[in-house]
Amino acid sequence: MTSQEILNIFLILSLLVVTSCVVYITYYFVKALRSLTNFTNDLERKAGLKILAAIPGALIAIFSGFFKRRG
């Protein structure tokens with residue numbers, strides 16, 4: 781075997797390792813995103829939209845209390 785053949789084999793093996801790592805990372809990234817999406821859908825179903833509707837009012841109350849203390 782020549783050194784060129786050895787380098788070619790090494791190159792192919794390293795490309796296979798890199799490809800398998802990318803596939804592995806992508807699989808678990810998609811799995812994490814899917815579980816996050818399921819979690820947010822569960823929250824939306826359980827809480828309805830009441831919590832989302834209450835957030836702007838709560839923020840206004842917090843900011844108005846902050847400005848009353850400063851002014």
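Numbering (the working numbering), first residue to last: 781 to 851. Backbone N, C-alpha and C fix where the C-beta goes; we use that ideal spot for every residue, glycine too. Remember, it's a predicted structure, so these values are computed and weren't measured experimentally.
- In this model, Ala841 and Phe847 are separated by some 10 angstroms (Cα to Cα).
- In the structure shown, Thr782 falls within a coil segment according to DSSP collapsed to helix, strand and coil.
- Rounded to whole angstroms, the separation of the alpha carbons of Val802 and Asn788 is 21 angstroms.
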